[in-house]
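Participant: Residue numbers (the numbering used here): 11 to 56.
Even for Gly, the Cβ is constructed at its ideal location relative to N, Cα and C.
Remember, it's a predicted structure, so these values are computed and weren't measured experimentally.
So that we are looking at the same thing, I have put the structure below in structure tokens.
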């Protein structure tokens with residue numbers, strides 16, 4: 011099964027489109043941003 015979503019936390023600065031692929035036991039999620047980009051975005055906001 012393939013599922014798309016765009017969850018967003020209250021103070022998140024980057025959009026969070028997500029693609030999830032599952033076989034019913036294991037789910038793999040793909041996000042468009044690297045950890046480095048997310049951290050940089052959060053640090054720029056402070």
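Note the first and the last residue of the continuous alpha helix (DSSP H) segment covering residue 16.
Facilitator: Looking at the DSSP string, residue 16 is not in any alpha helix (DSSP H), and its letter there is neither H nor E.
Participant: Out of 21, 15, 17, which one is the CA nearest neighbour of residue 53?
Facilitator: It is 21 whose Cα lies nearest to the Cα of residue 53.
Participant: Whose C-beta lies closer than 6 angstroms to the C-beta of residue 39 among residues of the same chain, with five residues either side of it excluded?
Facilitator: Counting only Cβ-Cβ distances below 6 angstroms, and skipping sequence neighbours, we find 28, 30.
Participant: Of the residues 34, 35, 37, 25, which one's Cα is nearest the Cα of residue 47?
Facilitator: Ranking the options by Cα distance to residue 47, first place goes to 25.
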